[in-house]
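To keep things clear, I will list the structure first and then write my remarks on it.
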Amino acid sequence: MRESVQKKRNSTSAAKQLAQMREKLASISERERVLRERSAAREVYRYLLDSHRLTAPATFLAGQVLNISPSGVNEGGQLAA
């Protein structure tokens, strides 16, 4: 009789521990998911920032080059002094 009560207590204790472990595992999994999402968001931000850095100067310089007027060129195709 005493053994059966002891086994019941042990199984109840084991079930509680298992439930706690499952809760911890779920919490850890949720944290990992959030960290992965944040990391992915940072990667996207870095990619967009790098892309902006690479294209912004080229666009700016192209705008300057296109706006240069050929008024300094004489009839012979040479630059005026």
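For what it's worth, our numbering labels the leading residue of the sequence shown as -10, then goes sequentially.
Note that beta-carbon positions come from the ideal geometry of N, C-alpha and C, so glycine has one too.
- [ ] Could you check the C-alpha separation between Arg42 and Tyr36 for me, to the nearest Å?
- [x] 10 Å
- [ ] Determine the direct distance from the alpha carbon of Leu38 to that of Ala70, and round the result to whole angstroms.
- [x] For Ala70, the predicted structure reports a pLDDT of 49, less than 50, and the residue's modelled location is therefore unreliable. The matter cannot be settled from this model.
Task: Rounded straight-line distance, which links the Cα of Arg27 to that of Ser(-7) - done: 51 Å
TODO: Could you check the C-alpha separation between Gln9 and Arg25 for me, to the nearest Å?
DONE: 24 Å
Open item on the list: I'd like the ranges of any beta strand (DSSP E) spanning at least 3 consecutive residues and lying wholly in the region -10 to 51.
Closed with: none
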